[in-house]
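In the numbering used here, the protein residues as written are 44 to 256.
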């Protein structure tokens, strides 16, 4: 029987090696990457059946990476494996197109269950937060992390890179845009959000789950 093809993404190599050991008996590991931008490129290149990704990753966070992957091929399933137990992160994950949300301190079998459910076209939420997540949706007071109605996807990319300490010149090179365009995105974000300083921009990025503290 053909094993499902699985792409791994986490910015800690030791986590990737641990996942490989846990999942290889049941899945064909077609790649392991350490940042969100490489994850998108590899997903496009190897076309896996399912992706296991962290939310907090350098260059491009997991949720924005998931959005880009879904645009490339909506059939690719995405399961997040994260330390973020806040329901806003789970909401953000599903808003980005995920099929599963598992916490890193869960038992390994839970991740395997989530992957099986995703491949069957179903959704899996770790039981530790499932009740709270449903309750928050019912109350209508849940704001998904990793998203912002005020910002475009490209602006979120620029904001994450700025919050990680990248210069506009470095951002321009990473995103294949001109330095002037990168500076314009920064200026427009500060104008739209009524933010006066770069420090406030970083605070906004952290508050909205685009980068970790």
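Glycine is no exception: its CB is placed at the ideal position from the N, C-alpha and C atoms. These numbers come from a predicted model, not from an experiment.
For residue 141, same chain residues with a beta-carbon under 7 Å away, outside a window of 5 residues either side, are 109, 121, 122 and 123 in chain order. Annotation: the continuous alpha helix (DSSP H) that includes residue 135 extends over 130-138.
Around the beta carbon of residue 243, fewer than 16 other beta carbons lie within 10 angstroms, which makes this residue exposed. Secondary structure at residue 123: strand, using DSSP grouped into helix, strand and coil.
The beta carbon of residue 247 lies closer than 7 Å to those of 236 and 238 in the same chain, with the five residues before and after it left out. Judged by their CB atoms, residue 202 and residue 218 are not nearer to each other than the 9 Å cut-off. A residue is called buried when at least 16 other Cβ atoms come within 10 angstroms of its Cβ; residue 234 does not meet this threshold and is exposed.
According to DSSP, residue 48 shares a beta bridge with 71. For the 9 Å CB-CB criterion, residue 68 and residue 162 do not form a contact. Beyond the five residues adjoining it in sequence on each side, residue 145 comes within less than 6 Å, by CB distance, of 124, 153, 154, 157 and 169 in the same chain, given in chain order. Contact check for residue 85 and residue 93: beta-carbon distance about 13 Å, past the 8 Å limit, so the pair fails to qualify. The Cβ-Cβ distance between residue 72 and residue 66 falls below 9 Å. Residue 194 carries a coil assignment under DSSP once its states are collapsed to helix, strand and coil. Annotation: residue 101 to residue 79 spans about 6 Å, alpha carbon to alpha carbon. In the three-state reduction of the DSSP assignment, residue 89 falls in the helix class, which pools H, G and I. Residue 139 is classed as buried because its beta carbon has at least 16 other beta carbons within 10 Å across all chains shown.
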